[in-house]
Amino acid sequence: MLRERYFNPIHLLNNVNALVIYIVNQCVFRGWFEYRTQNRYEIGNGITRKVLFGSIGHVYYKGVQPAQAFPTSGKATYKGTWDFVTDARQGRAGTGFTGTAANVGSNYGAVSFNEYDSIHTDKSTGEVGHSSELEVDFANKSLTGTLYKNHKKLADKAQERTLRYKVKADVKGNRFQGRVEAGNKDDLYFGKDGNLEGGFFGPAAEELAGKFLADDNSLFGVLAGKREKAADEKTDKIIDAYHIDFKNLNLTQADNFGDARKFVFKGQTFSLLPAAGTDTKSFLETLKYALDGNRTLNLFSCCSNLDYLKFGTFQTATGEDKDGASFFFQGERTPVKDIPPGTAHYKGSWQAHIISKTAHIWSKSPNNKEGGSRAEFGVDFGAKTLKGKLTAQDRALPTFNIHAQIEGNGFTGRAKTRDQGFILDPGSTANSVSVHLDAEVKGGFYGPKAAELGGVFHSNEEGKDKVGGSFGAKRQVSVQ
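Under the UniProt record's numbering, residues 1 to 480 are what the sequence shown spells out, in order.
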């Protein structure tokens, strides 16, 4: 039985006798490694439980910078490699594997390297190693392809290639999911079909990587590929994901695997939806997840009426010691071709953290109470303009006025306080600090036919008042 394991960082090779092969593109790491063991006895209560001998193989892939934009049309070929590890099952020896001990694949599992003696290794004379050839149809959101073993090429003869698997998957967002079909159903090691999943990486999905597991858990594989980017290629933004830290108000691009309802933290995904069995949904969800090392991840997610974008706050803690908090924002963009004509009105909420140049702090969370943190927008898709106002809780006048230009399925502009500024604490007679802010705004339209809009605003220039925040709103339906 194979087990899938994750390693972070990848290289966990101190004090072990190991072989490592990996490829590195811009955004994908893929390969295998093998622990070479000698006789090892596991003892429990004075009784020998297991006697282990041979190598323990692992394969991995790790992708960074999940794709946030995709080509709008056409097809592309991704070429790369793939690796595998098999289970150990007695009676399957003698099928071409070689290793440091006898009966690879029978007494212990085989990895890709155990076929090294029979694969081609010279790129100048033929296809090498275990190669992947995958085609993505961006218009129809599909992925197909093949995984080969490339045999040694003999002089004056055509190179022999063994089709190990056919690949077929559907593309959703920046992820794909489907099946691998065995090329030879009678093969003792590669004869079982399996489930496949993976993702696209790089600014415009230049690379992909994934994993598959045989239906009977007899083989686990990883694959990767890279495409050439066309000079005149047009791309659409498909996902937004940002973080803004409270300490310095730095805005950074974050990872997201194509689902606004799932928060990604250090490669792991966490649901932003209410826990299973919860009868009602509050406007702002409070969620808590256990991490390694007695640490916890605390999430505050808005809003229950938004399906295609989420924003809020996250913070990690170890016991009673809390790390610095940050805002997050993420959303699934409306395809450009589905942006509607005409005008629209949106209502929602917002959050912000302000640090004045005199180090005074003002921070508010979103809420849907009357007189709460209100966001309101008017959009003219024909004129490609957006106007909005963000009004703080218990305030009558807008805190920020937003003016932005629409391009495709997104917009950019400015969020400014009024000429008189924004008073952080109007109830204070001793210290009524006023801030003057002019922040960059960037955001987009999310869900079917621009059902929702949202974005971030940010300004952290030294020596001036600073702000970081985000907003989300839902399109209002006119009552006839």
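Even glycine gets a Cβ: it sits at the ideal position worked out from N, Cα and C.
>> Going by C-alpha to C-alpha distance, which of Ser-478, Asn-460 and Phe-411 sits closest to Ile-244?
In response: Position 244 of the sequence shown holds residue 244. Closest by alpha carbon: Asn-460.
>> Need the endpoints of the beta strand (DSSP E) that Phe-113 sits in, please.
In response: By 1-based counting over the sequence shown, the position of residue 113 is 113. No beta strand (DSSP E) holds Phe-113; DSSP gives it neither H nor E.
> Does the distance from the C-beta atom of Lys-229 to that of Ala-260 stay below 9 angstroms?
Replying inline: Working through the sequence shown from its first residue, we reach residue 229 at position 229. Working through the sequence shown from its first residue, we reach residue 260 at position 260. Cβ atoms of Lys-229 and Ala-260: not closer than 9 angstroms.
> Taking residue 483 as the reference, which of Lys-464, Gly-63 and Glu-376 has the closest Cα?
Replying inline: Since the displayed the chain opens at 1 and closes at 480, residue 483 lies outside it and no answer follows.
>> Can you list, in chain order, the residues of its chain with a C-beta nearer than 6 angstroms to that of Val-477? Leave out the 5 residues immediately preceding and following it.
In response: Along the sequence shown, one-based indexing puts residue 477 at 477. Taken in chain order, the list of residues that qualify is empty.
>> Please state whether the Cβ-Cβ distance between Gly-183 and Arg-164 is less than 9 angstroms.
In response: Numbered from its first residue, the sequence shown carries residue 183 at position 183. Numbered from its first residue, the sequence shown carries residue 164 at position 164. Yes, they are a contact pair.
> Got a sec? Which residues, its chain only, sit under 6 angstroms from Gln-38 by beta carbon, not counting five neighbours each side?
Replying inline: The residue labelled residue 38 in the question sits at position 38 within the sequence shown. Low confidence applies here, because Gln-38 scores a pLDDT of 45, under 50, leaving its location unreliable; read the following figure in that light. Same-chain partners within the cutoff: there are none.
>> Just to confirm the assignment, what range does the beta strand (DSSP E) spanning Lys-464 have?
In response: If you number the sequence shown from 1, residue 464 lands on position 464. Here Lys-464 belongs to no beta strand (DSSP E), and DSSP marks it neither H nor E.
>> Taking only three categories from DSSP, how would you classify Gln-476?
In response: As a position in the sequence shown, residue 476 is number 476, starting the count at 1. Gln-476 falls in the coil class under three-state DSSP.
>> Pop quiz: Glu-452 and Leu-299 are said to be a contact at Cβ under 8 angstroms. What is the actual Cβ separation, rounded to whole angstroms?
In response: Mapped onto the sequence shown, residue 452 falls at position 452. Mapped onto the sequence shown, residue 299 falls at position 299. With 8 angstroms as the limit, Glu-452 and Leu-299 do not qualify as a contact, their Cβ atoms being about 20 angstroms apart.
> Under the DSSP definition of a beta bridge, which residues are partnered with Cys-302?
Replying inline: Counted from its first residue, the sequence shown places residue 302 at position 302. BP columns for Cys-302 point to Leu-284 and Phe-311.
> When you compare only the Cα positions, how much space is there between Gly-472 and Trp-350?
Replying inline: For this step, residue 472 is matched to residue 472 along the sequence shown. For this step, residue 350 is matched to residue 350 along the sequence shown. Roughly 6 angstroms separates the two Cα atoms.
> How would you label Ile-361, buried or exposed, when you count the other beta carbons within 10 angstroms and need 16 or more for buried?
Replying inline: Here residue 361 refers to the residue found at position 361 when the sequence shown is read from its first residue. Answer is exposed; the Cβ neighbour count stays below 16.
> Using 8 angstroms as the Cβ pair cut-off and three pairs as the minimum, do the region 326-333 and the region 234-242 touch?
Replying inline: yes
>> Whole angstroms are fine: how far does the CA of Lys-172 sit from the CA of Lys-474?
In response: As a first step, residue 474 must be located in the sequence shown, where it is residue number 474. As a first step, residue 172 must be located in the sequence shown, where it is residue number 172. For Lys-474 and Lys-172, the distance between alpha carbons rounds to 23 angstroms.
>> Assuming Gly-454 and Phe-265 are in contact, meaning their beta carbons sit under 8 angstroms apart, how far apart are those beta carbons, in whole angstroms?
In response: Position 454 of the sequence shown holds residue 454. Position 265 of the sequence shown holds residue 265. The pair is not a contact, with the Cβ atoms about 20 angstroms apart (cut-off 8 angstroms).
> Is Asp-236 helix, strand or coil when you go by DSSP?
Replying inline: The sequence position of residue 236 within the sequence shown is 236, counting from 1. Of the three classes helix, strand and coil, the one that applies to Asp-236 here is strand, per DSSP.
> At which residue ranges does the region 390-453 contain complete beta strand (DSSP E) runs of 3 or more residues, listed in the order of the chain?
Replying inline: 400-407, 410-416 and 438-446
> Should Arg-418 go down as buried or exposed, given a rule of 16 or more other Cβ atoms within 10 Å for buried?
Replying inline: Indexing the sequence shown from 1 puts residue 418 at position 418. By the 10 Å Cβ count, Arg-418 comes out exposed.
>> If distances are taken between C-alpha atoms only, which option among Phe-138, Thr-318, Val-85 and Thr-269 comes closest to Leu-213?
In response: Numbered from its first residue, the sequence shown carries residue 213 at position 213. Among Phe-138, Thr-318, Val-85 and Thr-269, the Cα nearest to that of Leu-213 belongs to Val-85.
> CA-CA distance, Pro-274 and Glu-285?
Replying inline: Taking the sequence shown and counting its residues from 1, the one referred to as residue 274 is at position 274. Taking the sequence shown and counting its residues from 1, the one referred to as residue 285 is at position 285. Pro-274 and Glu-285: Cα-Cα distance of roughly 7 angstroms.
>> Within 10 Å of its beta-carbon, does Thr-98 have 16 or more other beta-carbons around it, so buried, or fewer, so exposed?
In response: Position 98 of the sequence shown holds residue 98. Exposed, because fewer than 16 other Cβ atoms sit within 10 Å of the Cβ of Thr-98.
> What's the gap between the Cα of Val-128 and the Cα of Phe-70?
Replying inline: Numbered from its first residue, the sequence shown carries residue 128 at position 128. Numbered from its first residue, the sequence shown carries residue 70 at position 70. Approximately 29 angstroms between the Cα atoms of the pair.
> Going by other Cβ atoms of all chains shown within 10 Å of its Cβ, with 16 needed for buried, is Thr-399 buried or exposed?
Replying inline: On the sequence shown, residue 399 is found 399 positions in, with the first residue counted as 1. Its Cβ being crowded by 16 or more others within 10 Å, Thr-399 is buried.
> Three or more beta-carbon pairs under 8 angstroms between the region 371-384 and the region 338-348, yes or no?
Replying inline: yes
> So, helix, strand or coil for Val-222, using DSSP?
Replying inline: Indexing the sequence shown from 1 puts residue 222 at position 222. Val-222 falls in the strand class under three-state DSSP.
>> If I measure Cβ to Cβ from Ala-155 and keep anything under 7 angstroms in the same chain, skipping five residues before and after, which residues do I get?
In response: Position 155 of the sequence shown, counted from the start, is the residue given in the question as residue 155. So no residue of the chain qualifies.
>> The beta strand (DSSP E) that contains Thr-269, what's its start and end?
In response: What you label residue 269 is simply residue 269 of the sequence shown in a count that begins at 1. Thr-269 -> beta strand (DSSP E) spans 268-271.
>> Quick check on Asp-255: buried or exposed, where buried means 16 or more other Cβ atoms within 10 Å of its Cβ?
In response: Here residue 255 corresponds to residue number 255 of the sequence shown, with the count starting at 1. The residue is buried, with at least 16 neighbouring Cβ atoms inside 10 Å.
> Starting from Glu-370 and walking both ways along the beta strand (DSSP E), at which residues does that stretch end?
Replying inline: Here the question's residue 370 lines up with position 370 in the sequence shown. Segment: none, Glu-370 is in no beta strand (DSSP E) and carries neither H nor E.
> From the DSSP output, which residues share a beta bridge with Glu-181?
Replying inline: Here the question's residue 181 lines up with position 181 in the sequence shown. Its beta-bridge partners are Lys-166.
> By Cβ distance, which residues of its chain are closer than 8 angstroms to Arg-89, with the 5 residues on each side in sequence left out?
Replying inline: Residue 89 sits at position 89 when you count from the first residue of the sequence shown. Around Arg-89: Gly-105, Ser-106 and Ser-218.
> Sorted by chain position, which residues of the same chain lie with C-beta nearer than 6 angstroms to residue 482's C-beta, five sequence neighbours on each side aside?
Replying inline: Residue 482 is absent from the model: the chain starts at 1 and stops at 480.
> When DSSP labels each residue in this structure, what does Asp-193 get in the three-state scheme?
Replying inline: What you label residue 193 is simply residue 193 of the sequence shown in a count that begins at 1. The answer is coil: DSSP assigns Asp-193 none of H, G, I, E or B.
>> Is it buried or exposed, Lys-466, if we count other Cβ atoms within 10 angstroms and call 16 or more buried?
In response: One-based indexing of the sequence shown puts residue 466 at position 466. Result: buried.
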